[in-house]
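Please read the structure below before turning to the comments.
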Amino acid sequence: MSASVTLLIAIHCHQPEGNFGFVFEEAFAKAYDPFLRVLERHPGVRLALHYSGCLVDWLLEHRPAFLERVRALVNRGQVELLASGYYEPILPLIPEADRLGQIAKMRAMLRARYRANAEGFWLTERVWEPDLPLTLARAGIRYTMVDTNQFALAKAWLPSALQVSDESFWDLLGCYVTEHAGHSIVLFPASKRLRYWMPFQPVEQTIEFFRRLEPSLPRDMVDPASAAITFADDGEKFGLWPSTHHWVYEEGWLDQFFTALEREREWLTTTTFHDYLERARPNGRVYLPSGSYEEMLEWSGGHFRNFFAKYPEANAMYQKMLHVSHRLQEVSSSGFQVSSSQHRRVTSQRNPKPETRNAKLLEQARQELYAGQCNCAYWHGIFGGLYLAYLRRAVYARLIAAEALTRQAAGETVSLTALDADGDGREEAILKTPAMALVIDPEEGGTVTEWSLYQPRLNLLDTLSRRVEPYHDKLRAKRLQPAGSIGKVPASIHDLLGVKEPDLAARLVYDDHRRSAFIDYALERMPSLQEVVTSTWGEQRLWSSGPYRRSRDSRGQKTTSSLSVPMERGIGGGCVRKTIRVAAREPLLECLYELEGMSVPVVGLEFNLSLRDERYLGQAGELPHATQFIVEEAEARVRLHLSIDPPARLLHFPIETVSESEGGLERTYQGLCVVCLWTVDPPRPLDGRGSGGAPRRLQGRPDGGRTGRWASRLRWVVEAR
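Quick note: the sequence shown, position 41, residue 825 per this note's numbering, numbers continuous.
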């Protein structure tokens, strides 16, 4: 007699692009390898495994024998391998061509290494949007897993006999078909109950729940179409999450669980998703709204894309990814080069063969783009994600490389364009040279929001503001505990919020602005270093950066030697002018800042850098009469030289956030803030000779210099190391 209850298991294993080698090593030793060893000892347990392309690439280089063991399990029919986007993108967020390309790359790898025609799909973070069936079906995918909470609004239309609920959980059995534009796929509802219980509750509790399902099934539901309950979750929770390795392997939870599954095989079976669909039909049709698992909806405010509203830094990275993708698609499909330096299309040799130089460059760019779509750095939940600067840096490195390769294939050199770079409906100025790319946002205070070097592949402004997070209230209330376990059973990371160091509450400082470059201020008095560090100088500001407009006489100036964007802002009866200039043939960035017809005591310009200079990590500091300042990072092989005219009081301090990770709240370095402050009034009126000359003294009126002009210049030069 066939079993009446089917357990479908999908285990997902992933490490993000840019993660440290020792993290891969630890995850392998604590979770991936021991899990497979236990599975190998239990041939009666069948399940689906998913390894992201990022992880597979590491395993191929460092642990190839592990992949051979996976192949053996596939060959004996015990394991089904699931496809995905190769570099683990949030699929709804990337363009359709990239969706299909990422899936095709993963399926091709699975065919080549395992002879597997993967029709099942691991949906990254289970982020669902209604148009996905079209993409997945076109890519050769038949089924995927989404969380039961995403079915909740359709409860009334779903078979009541397949719904199991109690005071804590609601489960939905079976599988369901959905479609978009006539293209259909099958959805398996993944149980939150099992996600919270496994491996954090005793084995018998889970087995007893499965036993409860047997008498609840409809009497007319006969084999082989038994109802199924789906467990789909991360492989890292089986050993890598805090305290789980001891419980899962040394205390033997996983071995006991697999043993119980084999022992109860008369009424409880495990199989692969593929084989289940060979003998069972979907239990109905359903249409789901956009969503994800419940915790993700809480973190994101109901929709994943809200991360881009909460974190402008995540949105900047996301929008850059989209622009790089669209430009790559445009150049790939054009068949000829586009010369930005001459502002016209120049016919060149078409690319009839994929082995031509340009085709190779574009294919390299495409692979860099795919890697830059790895999801982890674009959002923040219980894991560090966006708050981990090294993950953001890795994503930017890939996107910058893709952009550089695309520009090389298109024959682009120097360009100054206006486009909506951040998706806010307003145009930004985009300056590109062979050495670097710049984004200037007039509406955001005339600030520079991206300064990317093509060599090395680095966004020098990839910082993160200090902002309020919900878990900060718990830190202030001291309702935290060290990461650990309750008795023998490890606590789930969903139930545990610890701290990695004492006195973190004292580190809770919040910014009222995005930490970009050339943010300008006017102040009633000179602030103290502590006021600037703790962001408590707001009441002293006569104004802070507000919307600028591109100067009427020029929307941008382009010469053979430089690109510049002049902007201005009227305040009272006076005018503030800010001109951003880059050199066309060297990595130089300059800001000329001018005040005319106004009297202010103190002005300041703020600049935030992503470099990690060991000299400035420990504490804040100041230079009372600075004419230059040097910032360097050995690992990035970058040295920046700042020239200041006239001399300024220079303050510098590390930007550190307090954020959540699976191991508890932690302090994370996000960048170096540099603030230059000048005393202006009593006035020393200066005559700025424009963006090309040094300031000169002007004869001002005896009315406090209100009709005079004051100017300063900051010049950053990237020096080779």
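No residue lacks a Cβ here, since even glycine has one placed at the ideal position from N, Cα and C.
8 Å Cβ cutoff met for residue i and residue j
i                  : j              : result
glutamate 1378     : arginine 1210  : no
glycine 1358       : glycine 1381   : yes
leucine 1242       : alanine 1420   : yes
valine 777         : alanine 1202   : This structure cannot settle anything about residue 777, because the visible part of the chain is limited to 785 through 1505.
valine 1317        : alanine 1404   : yes
glycine 1207       : leucine 1183   : no
glutamine 1148     : leucine 1189   : yes
valine 930         : tryptophan 912 : yes
serine 1319        : alanine 1173   : no
phenylalanine 1015 : serine 975     : yes
glycine 1330       : glycine 1229   : yes
glutamate 1352     : serine 1335    : yes
isoleucine 793     : alanine 832    : yes
aspartate 1012     : glycine 1075   : Looking at the sequence shown, residue 1012 is not aspartate but alanine. Going by C-beta atoms, alanine 1012 is not nearer than 8 Å to glycine 1075.
serine 1109        : aspartate 1429 : no
glutamate 1374     : cysteine 1457  : no
tyrosine 1033      : isoleucine 969 : no
Opposing strand residues paired with residue i [DSSP bridges]
i                  : result
glutamate 1440     : Tyr1453
leucine 1407       : Leu1434
glutamate 856      : Here residue 856 is alanine; the residue named in the question, glutamate, does not match the sequence. Paired residues: none, contrary to the question.
methionine 929     : Phe972
leucine 1056       : Residue identity check: residue 1056 is threonine in the sequence provided, not leucine. Threonine 1056 is not bridged to any residue.
phenylalanine 1042 : Per DSSP, none; premise fails for phenylalanine 1042.
glutamate 1212     : Leu1203
asparagine 1243    : Ser1236
threonine 1363     : Pro1350 and Leu1376
glutamine 1412     : Ser1427
glutamate 1417     : Val1422
serine 1328        : Tyr1305
valine 1458        : Phe1391 and His1436
isoleucine 1013    : Leu791
DSSP-derived helix/strand/coil call for residue i
i                  : result
glutamate 1398     : helix
glutamine 1192     : helix
asparagine 1392    : strand
methionine 1351    : strand
methionine 1101    : helix
cysteine 1160      : helix
methionine 1220    : strand
glutamate 1295     : The question names glutamate, but residue 1295 is aspartate in the sequence shown. Note: aspartate 1295 maps to coil in three-state DSSP.
threonine 1463     : strand
arginine 1069      : strand
alanine 1301       : strand
serine 1125        : Confidence at serine 1125 is low in this model, with a pLDDT of 36, below 50, so its placement is unreliable and no value can be given for it.
glutamate 1503     : strand
glutamine 1533     : Outside the shown range of the chain, which is 785 to 1505, sits residue 1533, and nothing can be said about it.
glycine 1447       : coil
valine 979         : Residue identity check: residue 979 is arginine in the sequence provided, not valine. Three-state DSSP puts arginine 979 in a helix.
arginine 1468      : The pLDDT assigned to arginine 1468 is 44, lower than 50, so where the model puts this residue is not dependable, and the model offers no usable value.
phenylalanine 850  : helix
glycine 1477       : Residue placement at glycine 1477 is flagged as unreliable, the pLDDT there being 37, under the threshold of 50; a coordinate-derived value is accordingly withheld.
tryptophan 1051    : coil
glycine 1492       : coil
histidine 834      : strand
tryptophan 1025    : coil
valine 1032        : helix
phenylalanine 1167 : coil
serine 786         : coil
glycine 1358       : strand
arginine 1333      : strand
glycine 1085       : coil
Just checking, does the stretch 1396-1409 make contact with the stretch 1359-1367 on the three C-beta pairs under 8 Å criterion? no
Beta strand (DSSP E) runs wholly inside the stretch 852-899, at least 3 long, in chain order: 863-865
Curious, which full-length beta strand (DSSP E) runs of at least 3 residues does the stretch 904-966 contain? 927-931, 947-949, 954-956 and 960-964
Would the stretch 902-921 and the stretch 868-881 be scored as touching if the rule is three or more Cβ pairs under 8 Å? yes
Check whether the stretch 1021-1028 touches the stretch 937-946, taking contact to mean three or more Cβ pairs, one atom from each stretch, closer than 8 Å. no
Segments of 3+ residues assigned as beta strand (DSSP E) that fall wholly inside the stretch 788-819: 789-797
Is it the case that the stretch 1042-1053 contacts the stretch 1081-1097, given that we only count it when at least three CB pairs across the two stretches are under 8 Å? no
Would you call the stretch 982-993 in contact with the stretch 961-973, where contact means no fewer than 3 C-beta pairs closer than 8 Å? no
Given 8 Å as the limit, is there contact between the stretch 844-856 and the stretch 796-816, that is, 3 or more CB pairs closer than that? yes
Cβ contact (3+ pairs, closer than 8 Å) linking the stretch 1053-1061 and the stretch 877-897: no
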